[in-house]
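Structure, rendered in C-alpha cells:
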C-alpha cells in the first residue's frame, strides 16, 4: 500500500495534468474556468485524483492546458472554497477528501474530548507541546477556574494532530495541584481527562463552551498548515469535576475540518 501511494504521489502532477487536458474540452458555452472546475470536481469525486495528491503549480497547469494563469487560479480557488482542495502558500495545492469525508461532525449534545474523537475514528492522535509554564493566574483564567487572581496555575499550549494532520491549537490552564498528573506522556499521547480520573479519582462532570468564528494570523495558520486568513473556530471551554473547575482552555479549531451540530427540540409554551 505504501509503495502504491508513493507511486501515485510521484506521478501525481503528470497524471493530473494529462487527465485534465483530456477532459477539458472547449464547448463554446461555459467559461473556461467553469469547465476546469467541473473537470477537476469530477475527477476528485470519482477518486481518479486520490486524496492527498499534489496538483501541478498554476503556471505548469496553465501551460499544459493552454489556459491563462488567471483562469487556473480562479478554478482552483473556487474548488478550495468548496473544500475539495487545500491551497498553501509555498506548499502548493493538494486534494482533500471529497463528499465531506475529511470533515468531522462534532455534536454539541454531550461531552466530548479530542483524544476520544480521534481514537473513535481509528486515527493516531498525537499532541506536540509548544510551551508549558507555571504562572500566576491572570484575572480571566482565575475567574473561570474559581481561583483568586494570581493563584498558581499551569499553562500548557499544544498542537493537536490526528493521523499526522494538525487540527487544533489548544491553550489550557489548570490549577497547580493537577500539574503533577499532566506528564509529557499524557500530554503528547493520552487523554488529560482520563488521566485525571484515573490518577486523582476525579469524575469529569460537565463542561461549558462558547464558539465563535475567527480568521487565523500568519503564525497560527502556519502551525495548522493553512493560509493566513483561513477560517477557524475559537472554542473556549470550562470543565468541571464534581469537586469544581479543573480546566479552562481556548482552542483554535480548523474550519475546513470541523463542523458543529446540535439538535433543537421544540419547547412548548404556555
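Residue numbers (this note's numbering): 40 to 309. From the three backbone atoms N, C-alpha and C, an ideal C-beta is built for every residue, glycine too.
Query	Result
Pick from 173, 192 and 171 that is closest to residue 181, judged by C-alpha positions	192
Residue 202 beta carbon less than 8 Å from that of residue 162	yes
Spatial distance of residue 294 from residue 73 (CA atoms)	25 Å
Distance, residue 257 Cα to residue 172 Cα	24 Å
Where residue 45 sits in the DSSP three-state scheme	In this predicted model, residue 45 has a pLDDT of only 29, less than 50, meaning its place in the structure is not dependable; the value taken from the coordinates is given anyway. Three-state DSSP puts residue 45 in a helix.
Coarse secondary structure for residue 150, derived from DSSP in three states	coil
Cβ-based neighbour list, residue 298, same chain, cut-off 8 Å, excluding 5 preceding and 5 following	142, 143, 144 and 145
Chain D within 8 Å of residue 216, Cβ atoms only	Annotation note: the requested chain D is absent from the structure, which comprises a single protein chain.
Check whether residue 292 and residue 196 have beta carbons under 8 Å apart	no
Residues near residue 175 by beta carbon distance below 6 Å, same chain, minus five either side	189
Sequence-distant residues of its chain with Cβ nearer than 6 Å to residue 250 (five each side left out)	272 and 274
Start and end residues, alpha helix (DSSP H) containing residue 225	223-228
C-alpha gap between residue 209 and residue 253, whole angstroms	15 Å
Alpha helix (DSSP H) segment containing residue 183, residue limits	178-184
Proximity below 8 Å, CB of residue 124 to CB of residue 111	no
C-alpha distance - residue 289 paired with residue 168, whole-angstrom precision	15 Å
Cβ pair residue 118, residue 87 closer than 8 Å	no
Three-state secondary structure assigned by DSSP to residue 211	strand
Cβ pair residue 269, residue 155 closer than 8 Å	no
Exposure label - residue 314; buried when at least 16 CB within 10 Å	Residue 314 lies beyond the stretch modelled for the chain, which goes from 40 to 309, so this question has no answer here.
C-alpha distance - residue 151 paired with residue 278, whole-angstrom precision	11 Å
Cα-Cα separation between residue 160 and residue 266, rounded to whole angstroms	26 Å
Inter-residue spacing [alpha-carbon to alpha-carbon] between residue 49 and residue 94	Reliability of the predicted coordinates at residue 49 is poor, the pLDDT of 38 falling under 50, and no value is obtained from them.
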